[in-house]
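A.B. asks: A single structure is presented below for examination.
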Amino acid sequence: MAKPNPTPPKRLNERSRMVTEGVARAPNRSMYYAMGYKEEDFVNKPMVGVANGHSTITPCNSGLQPLADAAVIALKSAGANPQLFGTPTISDGIGMGTEGMKYSLVSREVIADSIETCVNGQWMDGVLVIGGCDKNMPGGMMAIARSNVPAIYVYGGTIKPGHYKGKDLTIVSAFEAVGEFTAGRLNEVDFKEIEKRSCPGSGSCGGMYTANTMSSSFEALGMSLPYSSTMANEDQEKIASAAESARVLVQAIAKGIRPRDIITRESIENAVAVIMAVGGSTNAVLHFLAIAHSAGVRWDIEDFERVRRRVPVICDLKPSGRYVATDLHRAGGIPQVMKILLQAGLLHGDCLTITGKTVAEMLSELPAMPHADQDVILPIEKALYAEGHLAILKGNLSPEGCVAKITGLKNPVITGPARVFDSEDAAMQAIMERAIKPGDVVVIRYEGPRGGPGMREMLAPTSALIGQGL
50 MAKPNPTPPK RLNERSRMVT EGVARAPNRS MYYAMGYKEE DFVNKPMVGV
100 ANGHSTITPC NSGLQPLADA AVIALKSAGA NPQLFGTPTI SDGIGMGTEG
150 MKYSLVSREV IADSIETCVN GQWMDGVLVI GGCDKNMPGG MMAIARSNVP
200 AIYVYGGTIK PGHYKGKDLT IVSAFEAVGE FTAGRLNEVD FKEIEKRSCP
250 GSGSCGGMYT ANTMSSSFEA LGMSLPYSST MANEDQEKIA SAAESARVLV
300 QAIAKGIRPR DIITRESIEN AVAVIMAVGG STNAVLHFLA IAHSAGVRWD
350 IEDFERVRRR VPVICDLKPS GRYVATDLHR AGGIPQVMKI LLQAGLLHGD
400 CLTITGKTVA EMLSELPAMP HADQDVILPI EKALYAEGHL AILKGNLSPE
450 GCVAKITGLK NPVITGPARV FDSEDAAMQA IMERAIKPGD VVVIRYEGPR
500 GGPGMREMLA PTSALIGQGL
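Per this note's numbering, residue 50 is the first one in the sequence shown, and the count goes up by one each step.
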């Protein structure tokens, strides 16, 4: 693939001048003057949106305001006019196991629509998107791909792990504790301590769950800065990264680098390769199908299987492994993972990134092998699994395909009595009543995007089953 050759715009305010220049736009400028703009702000200065997902309804987003503030300051210093606006979010972790989760996947579309509406309705010249919780990630990238104005994604950052009795905790620890407690495998004191300590501060859920999977893939895609996807929200480097992202975005506007120069079939393949390498979330499948569609890129479910068969799992990360995102960051982050894959011929090195450099150029000075004093990132020859973990399966139950996470699967054929439930709630009740026995195959129907509607995620029942030792 030839490296895209973006065309620099004649003016940095190529879009926003539609509402700031000419006699007829005097009323429009009056509105800007009311917000402190000066006459010189309308002379070839880009209007750059800052889509701020800050919210106090979830720890995933409760630490985003400092990042937005840093981005605004950096944009001004770089010669741009920042325009801060809010985007909605819901908390998957808080809604999980309830009717509230029926709004989760829908919120992805609401987030995408809200950002696209502001960017195009206000004639913005660029946009910096800041998100935290799961659906913020694909929603923001879908809007970026649709609008196709210069853009960068700033991930809010991961939460740090909780700790109890010498073990790292994540939100899944609390979900699994429900099953352990109901099975009598956990006393009430330990149960309450795990509940209180699993989420020690702000940031998105700490394992390689949906938010960290999508942030890692956005870095591999080229739409986020190197190392930014595994930083902790509460660390100062996250604020510095948000400011640097703003500066890089202004440079991208000047160079004419647009999202569809970056989001290509090859770069999506890079992103999916990294998802496989880090043992990422199954949700990445439905999200990247939507992102590709938004960018006008041909990508279907069979492409995931094609990538899976050639990319090994080389990171030992929760939920199936031992470590969390902050451990991955200390071990070298996504750039180190990408370097290993590039050396093995598993990435397209000529893909453009938001920095203006190609993937190969970005990784050129990194060591070919991970640090020997860590076991979070492994060399190819010591991979945890020889092939990727997100398998696309087809059969009489799913003629058009389904996704199965197969890490740690000891037996590919499972035979047992089917315990069929017509909702998550019915299944959860049976689990809490200890009605599920070893060897049972639990089937939960009518919980898809249409059947639910909304596609509630089955984290509560699956975690409870694990906690019960099933």
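Ideal Cβ positions, reconstructed from N, Cα and C, are used throughout, including at glycine.
All of these numbers come straight from a predicted model, not from anything done at the bench.
Quickly, what does DSSP pair THR407 with across the bridge? List them, please.
C.D. replies: Here the question's residue 407 lines up with position 358 in the sequence shown. Paired residue(s): LEU401.
A.B. asks: Spatial neighbours of GLY465 within its chain, please: C-beta separation below 8 Å, excluding the five flanking residues on both sides.
C.D. replies: In the sequence shown, residue 465 corresponds to position 416, counting from 1. The answer, listed in chain order, is GLY488, ASP489 and VAL490.
A.B. asks: Below 6 Å CB to CB, which residues in the same chain sit around VAL299 once its five sequence neighbours on both sides are set aside?
C.D. replies: For this step, residue 299 is matched to residue 250 along the sequence shown. Within the same chain, VAL299 has close Cβ partners ALA127 and ALA129.
A.B. asks: Hey, would you say GLY206 sits closer than 7 Å to GLY256, going by beta carbons?
C.D. replies: For the purposes of this step, residue 206 is taken as the residue at position 157 of the sequence shown. For the purposes of this step, residue 256 is taken as the residue at position 207 of the sequence shown. In this structure, GLY256 does not lie closer than 7 Å to GLY206 by Cβ.
A.B. asks: Are there 16 or more other CB atoms within 10 angstroms of the CB of HIS212, so buried, or fewer, so exposed?
C.D. replies: For the purposes of this step, residue 212 is taken as residue 163 along the sequence shown, with counting starting at 1. By the 10 Å Cβ count, HIS212 comes out exposed.
A.B. asks: What residues match up with MET96 in a beta bridge as DSSP calls it?
C.D. replies: Walking along the sequence shown from the start, residue 96 turns up at place 47. Per DSSP, ASN130.
A.B. asks: Which same chain residues end up closer than 6 Å to CYS451 when comparing Cβ atoms and leaving out the 5 residues on each side of it in sequence?
C.D. replies: Looking up residue 451 in the sequence shown gives position 402. Cβ within range, chain order: LEU442.
A.B. asks: Where do the ends of the alpha helix (DSSP H) carrying PHE91 lie?
C.D. replies: For the purposes of this step, residue 91 is identified with residue 42 of the sequence shown, where counting begins at 1. Per DSSP, PHE91 belongs to no alpha helix (DSSP H) and is neither H nor E.
A.B. asks: Taking all protein chains shown into account, do 16 or more other C-beta atoms lie within 10 angstroms of the C-beta of GLY271, making it buried, or fewer, making it exposed?
C.D. replies: Counted from its first residue, the sequence shown places residue 271 at position 222. By the neighbour-count rule (16 or more Cβ atoms within 10 Å), GLY271 is buried.
A.B. asks: VAL462 to ILE324, Cα distance in whole Å?
C.D. replies: Position 413 of the sequence shown, counted from the first residue, corresponds to residue 462. Position 275 of the sequence shown, counted from the first residue, corresponds to residue 324. Distance between the alpha carbons of VAL462 and ILE324: 25 Å.
A.B. asks: Three or more beta-carbon pairs under 8 Å between the stretch 346–365 and the stretch 316–323, yes or no?
C.D. replies: yes
A.B. asks: Ordered along the chain, which non-local residues of its own chain (more than five positions away) have a Cβ less than 6 Å from that of LYS388?
C.D. replies: Numbered from its first residue, the sequence shown carries residue 388 at position 339. If we look at LYS388 and ignore the five residues flanking it on each side, its Cβ neighbours are LEU412 and LEU415.
A.B. asks: Quick one: what does DSSP say VAL469 is sitting in, helix, strand or coil?
C.D. replies: Numbered from 1 along the sequence shown, position 420 holds the residue referred to as residue 469. Of the three classes helix, strand and coil, the one that applies to VAL469 here is strand, per DSSP.
A.B. asks: VAL321 bridges to which residues according to DSSP?
C.D. replies: The residue given as residue 321 occupies position 272 in the sequence shown. None, per the DSSP bridge assignment.
A.B. asks: Curious, which full-length alpha helix (DSSP H) runs of at least 4 residues does the stretch 192–254 contain?
C.D. replies: 220–231 and 237–246
A.B. asks: Whole angstroms is fine: what's the gap from ARG347's alpha carbon to ILE403's?
C.D. replies: Residue 347 sits at position 298 when you count from the first residue of the sequence shown. Residue 403 sits at position 354 when you count from the first residue of the sequence shown. C-alpha separation (whole angstroms): 21 Å.
A.B. asks: Could you say if the stretch 82–95 and the stretch 140–154 meet the contact criterion of at least three C-beta pairs nearer than 8 Å?
C.D. replies: no
A.B. asks: As a quick exercise: from GLN517, VAL68, VAL386 and PRO95, pick the residue whose alpha carbon is nearest that of GLU268.
C.D. replies: Looking up residue 268 in the sequence shown gives position 219. Closest by alpha carbon: VAL386.
A.B. asks: Is DSSP giving ASN281 helix, strand or coil here?
C.D. replies: As a working mapping, residue 281 is identified with position 232 in the sequence shown. In the sequence under discussion, the amino acid at residue 281 is Ala, which differs from the Asn named in the question. Strand.
A.B. asks: Using 8 Å as the Cβ pair cut-off and three pairs as the minimum, do the stretch 54–70 and the stretch 169–188 touch?
C.D. replies: yes
A.B. asks: Under the rule that 16 or more other beta-carbon atoms within 10 Å means buried, what is SER343, buried or exposed?
C.D. replies: Position 294 of the sequence shown holds residue 343. SER343 counts as buried, since at least 16 other C-beta atoms from the protein chains shown sit within 10 angstroms of its C-beta.
A.B. asks: What does the alpha-carbon distance come out to for the pair ALA421 and ASN236?
C.D. replies: Position 372 of the sequence shown, counted from the first residue, corresponds to residue 421. Position 187 of the sequence shown, counted from the first residue, corresponds to residue 236. If I take the Cα positions, the gap works out to 39 Å.
A.B. asks: Determine contact between the stretch 195–209 and the stretch 276–288, defined as no fewer than three beta-carbon pairs at a distance below 8 Å.
C.D. replies: yes
A.B. asks: Would you kindly report the start and end of the unbroken alpha helix (DSSP H) that includes ALA453?
C.D. replies: Residue 453 sits at position 404 when you count from the first residue of the sequence shown. Careful: ALA453 lies outside any alpha helix (DSSP H), inside the beta strand (DSSP E) at 451–454.
A.B. asks: Would PRO498 pass as a contact of MET504 if the rule is Cβ separation under 7 Å?
C.D. replies: As a first step, residue 498 is located in the sequence shown; it is residue number 449 there, counting from the start. As a first step, residue 504 is located in the sequence shown; it is residue number 455 there, counting from the start. Closer than 7 Å, so yes.
A.B. asks: Between the C-alpha atoms of LEU514 and LEU338, what's the straight-line distance to the nearest angstrom?
C.D. replies: Against the sequence shown, residue 514 aligns to sequence position 465. Against the sequence shown, residue 338 aligns to sequence position 289. Whole-angstrom Cα-Cα distance: 30 Å.
A.B. asks: Give me, in chain order, the residues of the same chain whose beta-carbon lies closer than 8 Å to that of THR279; leave out the 5 immediate sequence neighbours on both sides.
C.D. replies: The residue you call residue 279 lines up with position 230 of the sequence shown. THR207, ASN261, SER264, SER265, ALA374, THR375, LEU377, HIS378, GLY382 and ILE383, listed in sequence order.
A.B. asks: For PRO76, which residues of its own chain have a beta-carbon under 6 Å away from its beta-carbon, when the five flanking residues on both sides are left out?
C.D. replies: For this step, residue 76 is matched to residue 27 along the sequence shown. Excluding positions up to five away in sequence, the list is empty.
A.B. asks: ILE515 lies in the beta strand (DSSP E); which residues open and close that run?
C.D. replies: By 1-based counting over the sequence shown, the position of residue 515 is 466. ILE515 -> not in any beta strand (DSSP E); alpha helix (DSSP H) instead, spanning 508–516.
A.B. asks: My output table needs one value for ASN110: the three-state DSSP class, helix, strand or coil.
C.D. replies: For this step, residue 110 is matched to residue 61 along the sequence shown. If DSSP states are grouped into helix, strand and coil, ASN110 belongs with coil.
A.B. asks: For ALA83, which of helix, strand or coil comes out of DSSP?
C.D. replies: Residue mapping note: residue 83 aligns to position 34 of the sequence shown, counting from 1. In the three-state reduction of the DSSP assignment, ALA83 falls in the coil class, being assigned neither a helical nor a strand state.
A.B. asks: If you draw a straight line from the C-alpha of ALA440 to the C-alpha of SER79, how long is it?
C.D. replies: Your numbering for residue 440 matches position 391 in the sequence shown. Your numbering for residue 79 matches position 30 in the sequence shown. It is roughly 56 Å from the alpha-carbon of ALA440 to the alpha-carbon of SER79.
A.B. asks: Should GLN478 be labelled buried (16 or more other beta-carbon atoms within 10 Å of its own) or exposed?
C.D. replies: What you label residue 478 is simply residue 429 of the sequence shown in a count that begins at 1. That one is exposed.
A.B. asks: Excluding the 5 residues flanking LEU391 on each side, which residues of the same chain have their C-beta closer than 8 Å to its C-beta?
C.D. replies: The residue given as residue 391 occupies position 342 in the sequence shown. So the list reads GLY398, VAL408, ALA409 and LEU412, once near-sequence residues are dropped.
A.B. asks: Measuring CA to CA, which of THR147, ALA120, ALA119 and GLU63 is closest to LYS94?
C.D. replies: Here residue 94 is taken as the residue at index 45 of the sequence shown, counted from 1. Out of THR147, ALA120, ALA119 and GLU63, GLU63 has the C-alpha closest to the C-alpha of LYS94.
A.B. asks: With DSSP collapsed to three states, give me the class of TYR258.
C.D. replies: Here residue 258 refers to the residue found at position 209 when the sequence shown is read from its first residue. Of the three classes helix, strand and coil, the one that applies to TYR258 here is coil, per DSSP.
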